[in-house]
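These notes concern the structure reproduced below.
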Amino acid sequence: MNTSRSSIGRHPMWGGRSKSAQHRAAPCGHRCPDDGGGHRLQEFKVSTTRHEGAYLVTGGAGAIGTAICERLVDMGLSVVVADANEQAAEDVAGRLKCDYVTVDLRDRASVDAAVETVVQEHSAIRGVVNCAGVTRLMDFFEISTEDWNWMMDINALGTMHVMQAVGSRMRDAGAGGSIVNVASIAGKGYRQTSNAAYAATKGAVLALTKVAAIQLAPFDIRVNAVCPGPTNSPLLNVHNTPEAQGRIAEMVEHVPLRRFSEPSDIAAAVAYLLMANAVTGQSMNVDGGLVFD
29 MNTSRSSIGR HPMWGGRSKS AQHRAAPCGH RCPDDGGGHR LQEFKVSTTR
79 HEGAYLVTGG AGAIGTAICE RLVDMGLSVV VADANEQAAE DVAGRLKCDY
129 VTVDLRDRAS VDAAVETVVQ EHSAIRGVVN CAGVTRLMDF FEISTEDWNW
179 MMDINALGTM HVMQAVGSRM RDAGAGGSIV NVASIAGKGY RQTSNAAYAA
229 TKGAVLALTK VAAIQLAPFD IRVNAVCPGP TNSPLLNVHN TPEAQGRIAE
279 MVEHVPLRRF SEPSDIAAAV AYLLMANAVT GQSMNVDGGL VFD
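Laid out in structure tokens, this is it:
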């Protein structure tokens, strides 16, 4: 991948919308793509003037990332799907009729190029959701330096890269903004966490969230985190072995609500934090009651 350049992708099924694309006003007050269909009922009523600009979702082609993109599109926001997998990002963007961009979060130049492209195309980035994440199921003594670096580079360093790239542009624009990091209850010391390296990366994301919230507050940039518990997504079933499935079944028994969260549950929490103007430096558990702070 060429990390020095980036471009906005548009799915051919909807004709390659540009910045000047025409929109129609829905009866609820949202601006929806003029696709000739009816508008969706919105759970949140968002002022498009106040929230003009793009909402960037990294890991946007994953199960949770896609649910977040869907939620934000339903709210009438301009969403950009960011993912390392170009085909997957294009598929999600095509279905949701929004933009996408490919990015390698480990490479700061790639992140800067992607963010700059989004800013040029959408004038500004009003919010970002850092949802990209990786893990493997492994015993403590099996974690190699390569495993550690792989998870840390994507989960923690990648989050830092995006926060720096987007945060600096929000600061310079002077219009504030909102950053939501998808962490995990694993980063809070949840005792059934199966990967120490993964837990360490999410603990780093939580610490980063709190410090950034203080340092970016003077610029009216809010920084919060969502901490999912076990969630019905491919990441949960990263190893489809009898041992892993047995561990998953055991985990369900410990959830007070007796079910795992769905990606849509995480998306609802993210949407709230993106729009909660008086909330910053917080981490919201979405885990069915597994962890009480």
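Using the working numbering, you'd call the opening residue of the sequence shown number 29 and step up by one each time.
Each residue gets a CB set at the ideal place from its N, CA and C atoms; glycine is no exception.
It should be emphasised that the depicted structure is a prediction, and the values quoted were computed from it without experimental measurement.
Residue 226: not part of any beta strand (DSSP E); member of the alpha helix (DSSP H) spanning 224-244, first to last residue.
Of all C-beta pairs linking the region 216-235 to the region 285-297, fewer than three are shorter than 8 Å, placing the two stretches out of contact.
Between the alpha carbons of residue 213 and residue 151 lies a distance of about 35 Å. About 14 Å separates the beta carbon of residue 121 from that of residue 131, a gap too long to meet the 8 Å contact definition. Within the model, the alpha-carbon separation for residue 220 versus residue 202 is close to 43 Å. DSSP, reduced to helix, strand and coil, places residue 161 outside both helices and strands of the structure shown, so it counts as coil.
Annotation: residue 284 is outside any alpha helix (DSSP H) and is labelled neither H nor E by DSSP. Shortest Cα-Cα distance from residue 189 to any of 297, 134 and 257 involves 134.
When rounded, the separation of the alpha-carbon atoms in residue 193 and residue 139 is 7 Å.
The continuous alpha helix (DSSP H) containing residue 301 extends over residues 291-303. The three-state reading of DSSP puts residue 255 in strand, counting E and B together. Around the beta carbon of residue 288, 16 or more other beta carbons sit within 10 angstroms, so the residue counts as buried.
When secondary structure is reduced to three states using DSSP, residue 177 falls in the helix class.
Annotation: the region 81-169 contains the following complete segments of the beta strand (DSSP E) (minimum length 3 residues), in chain order: 82-86, 106-111, 127-130 and 153-158.
Taking residue 88 as reference, the option from 118, 104 and 301 with the minimal CA-CA separation is 118. The three-state secondary structure of residue 206, taken from DSSP, is strand. No residue range can be given for residue 307, since it is assigned to no alpha helix (DSSP H) and is classified by DSSP as neither H nor E.
DSSP, reduced to helix, strand and coil, places residue 219 outside both helices and strands of the structure shown, so it counts as coil. If you check the CB distance, residue 186 and residue 129 do not come in under 8 Å. In this structure, 223 is the residue among 223, 310, 311 and 242 with its C-alpha nearest to the C-alpha of residue 272.
If you draw a straight line from the Cα of residue 183 to the Cα of residue 157, it is about 13 Å long.
Inclusion of residue 153 and residue 298 in the CB contact set at 8 Å is not warranted, their separation being larger than that value. Look at the beta carbons and you see the region 253-264 touching the region 297-314: at least three pairs across the two are nearer than 8 Å.
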